[in-house]
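Below is one structure, written out as structure tokens; comments come after it.
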Amino acid sequence: MVKSFDNNAKTLQLAMKIIPSGSQTFSKAPHQLPQNNHTPNFVKKAKGAWIWDLDNNKYLDYLMALGPIILGYSDDDVNKKVLKTLNEGTIFSLNHYLEVECAKLLTDVLDNTEMVKFGKTGSDANAAAIRLSRHITKKDIVLTCSYGGWHDWYVGTTSRKSGVPKKITQLTKNFIRNDINSFNNVVNQNKNQVACVILEPFSFDNLNSDISFLKEVREICTRNNIFLIFDEVVSGFRYNLEGASKISGVQPELSTWGKAMANGFPLSCITGKQKYMKEFDNIFFSGTFGGESLSLAACIATIKKIKSKKIIPYLYEYNSKLTKLINKNIKDNKLDKYLCLKTSGPRSIITFNSKNELLNRKRKTIMMQEFIKNNMLYFGINMPSYSHKNMELKFTSLAFEKVFSKISNIYKNKNENKYINGGIIKPIFRQR
Ligand SMILES: Cc1ncc(COP(=O)(O)O)c(C=O)c1O
2 MVKSFDNNAK
12 TLQLAMKIIP
22 SGSQTFSKAP
32 HQLPQNNHTP
42 NFVKKAKGAW
52 IWDLDNNKYL
62 DYLMALGPII
72 LGYSDDDVNK
82 KVLKTLNEGT
92 IFSLNHYLEV
102 ECAKLLTDVL
112 DNTEMVKFGK
122 TGSDANAAAI
132 RLSRHITKKD
142 IVLTCSYGGW
152 HDWYVGTTSR
162 KSGVPKKITQ
172 LTKNFIRNDI
182 NSFNNVVNQN
192 KNQVACVILE
202 PFSFDNLNSD
212 ISFLKEVREI
222 CTRNNIFLIF
232 DEVVSGFRYN
242 LEGASKISGV
252 QPELSTWGKA
262 MANGFPLSCI
272 TGKQKYMKEF
282 DNIFFSGTFG
292 GESLSLAACI
302 ATIKKIKSKK
312 IIPYLYEYNS
322 KLTKLINKNI
332 KDNKLDKYLC
342 LKTSGPRSII
352 TFNSKNELLN
362 RKRKTIMMQE
372 FIKNNMLYFG
382 INMPSYSHKN
392 MELKFTSLAF
402 EKVFSKISNI
412 YKNKNENKYI
422 NGGIIKPIFR
432 QR
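Those letters in the sequence shown? Residues 2 to 433, by this note's numbering.
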């Protein structure tokens, strides 16, 4: 059956007139999809591991809303708790009791956590943790090596820094991840001025390199009175339930969480020991929607289910099967000249190898285009959920066989330009 994309196209036309970039999220903007007459630009609904677009075309998803969907879309257990809460109200003139219930649950399950402060997004949590570290250390400079959200402190380090005051951009410095000399240099160049280092604890390098780097960073931070902040917005509730400090043996002063903690409801938090967290009393981090009840209900239901159904080991197991499947298809189709799969525990990513960045984007556009034809919404990022079961794995296997044999021929014959049916996906912004 020939698929229709008419409603997707019509809605995109309107969106481009009334919403800047046609999207609220950079990674979901139309320029991040292969734009042609067959583009699923808008979602109608999603359940489990599957998404339906506005024309009722159905896709298997692996991006899972950029990470929050750890149980599966529209999870029945989360929905049940949220609907009960919804009937009693969402936001009030006083604090809701679920704030305390949820904070208690988090102090019980998370390592290194005596107090919890909630926000709505990962960006919120990171900005607040940085402010707290500046307040306590009485220093200003922030060091980082990973994406940290849309606020000035981070975006000032990127090619999209326009609009961030120059003075602010000078307060954040980058270092190279897992390169202790690079980290040491930036600390020494900013002697006695560094308030904090904020980084994702785990990368797609090997876990042992990540851990030994974290240990070295911890030592240098302690010696120099620098706060270490683990940004667990992606790793949290996916690598384990307790947090990266349990895996690495390295304790940060603060940790930040978001994405998967409420299976798709907007909730984030900052956690740490009471001696640091109680200093929130003396700075300002506050919002009308802080403590909104539905996200707290969703978080409680999500964490309880992660625990009771042993979801985290399941994610590792599925991702390991997926890794084998993808690597086999790379090998069978001799695609390793063009791309590779990097796996880190419960997640993995396909990266393109050419030094020619435009060619990489053309190849990725073609890959995405071909997966869409095979009913997979595939950005090369694998964040499997508990709803990815054997049926989904079989579906994935068939799609990879078809798509990888086709793109291998296209790449080998240098036919990229011929096969792109529309726009080429744009780069995600770079650090300066
Ligand atoms: C590691 C990391 N930190 C922070 C953020 C920001 O989170 P949010 O988009 O919820 O503001 C993201 C978002 O992708 C992220 O990947």
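Ideal Cβ placement from N, Cα and C applies to all residues, glycine included.
Please state the DSSP three-state secondary structure of residue i.
{"i": "C103", "result": "helix"}
{"i": "V110", "result": "helix"}
{"i": "F405", "result": "helix"}
{"i": "W53", "result": "strand"}
{"i": "I131", "result": "helix"}
{"i": "A30", "result": "coil"}
{"i": "G291", "result": "coil"}
{"i": "C146", "result": "coil"}
{"i": "Y319", "result": "helix"}
{"i": "K276", "result": "helix"}
{"i": "L255", "result": "strand"}
{"i": "V165", "result": "coil"}
{"i": "F281", "result": "helix"}
{"i": "I271", "result": "strand"}
{"i": "V234", "result": "coil"}
{"i": "F6", "result": "coil"}
{"i": "Y155", "result": "helix"}
{"i": "D180", "result": "coil"}
{"i": "M369", "result": "helix"}
{"i": "K174", "result": "strand"}
{"i": "N383", "result": "strand"}
{"i": "Y420", "result": "helix"}
Examine ligand 1 and report whether any of its heavy atoms sits within less than 7 Å of the Cβ of residue i.
{"i": "V235", "result": "yes"}
{"i": "L295", "result": "no"}
{"i": "Y148", "result": "yes"}
{"i": "D232", "result": "yes"}
{"i": "S5", "result": "no"}
{"i": "N127", "result": "yes"}
{"i": "T86", "result": "no"}
{"i": "S22", "result": "no"}
{"i": "W154", "result": "no"}
{"i": "T122", "result": "yes"}
{"i": "L106", "result": "no"}
{"i": "W151", "result": "yes"}
{"i": "G259", "result": "yes"}
{"i": "L13", "result": "no"}
{"i": "L64", "result": "no"}
{"i": "L67", "result": "yes"}
{"i": "E201", "result": "yes"}
Compute the beta-carbon to beta-carbon distance between residue i and residue j, rounded to the nearest angstrom, for a pair I have assumed lies under 8 Å.
{"i": "A129", "j": "K139", "result": "Incorrect: roughly 17 Å between the Cβ atoms, too far for contact."}
{"i": "S355", "j": "F203", "result": "Going by Cβ atoms, the distance from S355 to F203 rounds to 26 Å, so no, they are not a contact pair."}
{"i": "L61", "j": "A50", "result": "6 Å"}
{"i": "N328", "j": "P347", "result": "Not really, about 17 Å apart at Cβ, beyond 8 Å."}
{"i": "V79", "j": "T303", "result": "6 Å"}
{"i": "Y242", "j": "V44", "result": "It is worth fixing the name first, because residue 242 is Leu in this sequence and not Tyr. Actually they are not in contact, since the Cβ atoms of L242 and V44 sit about 29 Å apart, beyond 8 Å."}
{"i": "F214", "j": "N179", "result": "5 Å"}
Measure the Cβ-Cβ separation of residue i and residue j and say whether it is below 8 Å.
{"i": "A104", "j": "I142", "result": "no"}
{"i": "L229", "j": "E254", "result": "yes"}
{"i": "L99", "j": "A298", "result": "yes"}
{"i": "S246", "j": "D112", "result": "yes"}
{"i": "N127", "j": "T257", "result": "yes"}
{"i": "L326", "j": "F401", "result": "yes"}
{"i": "N264", "j": "I70", "result": "yes"}
{"i": "K168", "j": "V187", "result": "no"}
{"i": "I429", "j": "S28", "result": "yes"}
{"i": "I177", "j": "C146", "result": "yes"}
{"i": "N57", "j": "T12", "result": "no"}
{"i": "Y63", "j": "Y387", "result": "no"}
{"i": "T108", "j": "T114", "result": "yes"}
{"i": "I131", "j": "W154", "result": "yes"}
{"i": "E417", "j": "K374", "result": "no"}
{"i": "L323", "j": "L394", "result": "yes"}
{"i": "I199", "j": "G120", "result": "no"}
Please determine whether the Cβ atom of residue i lies at a distance below 7 Å from any heavy atom of ligand 3.
{"i": "S355", "result": "In terms of ligand content, the structure shown lacks ligand 3 and carries ligand 1 instead."}
If you measure from the beta carbon of residue i to each beta carbon in chain B, is any gap under 8 Å?
{"i": "P202", "result": "The chain inventory of the structure shown lacks chain B, comprising one protein chain alone."}
Counting Cβ pairs, one atom from each stretch, are 3 or more of them under 8 Å apart for the stretch 160-179 and the stretch 298-315?
-> no
Per the contact definition of three or more C-beta pairs closer than 8 Å, is the stretch 369-380 in contact with the stretch 32-40?
-> yes
Should the stretch 396-414 be called in touch with the stretch 328-340, which here means at least 3 C-beta pairs below 8 Å?
-> yes
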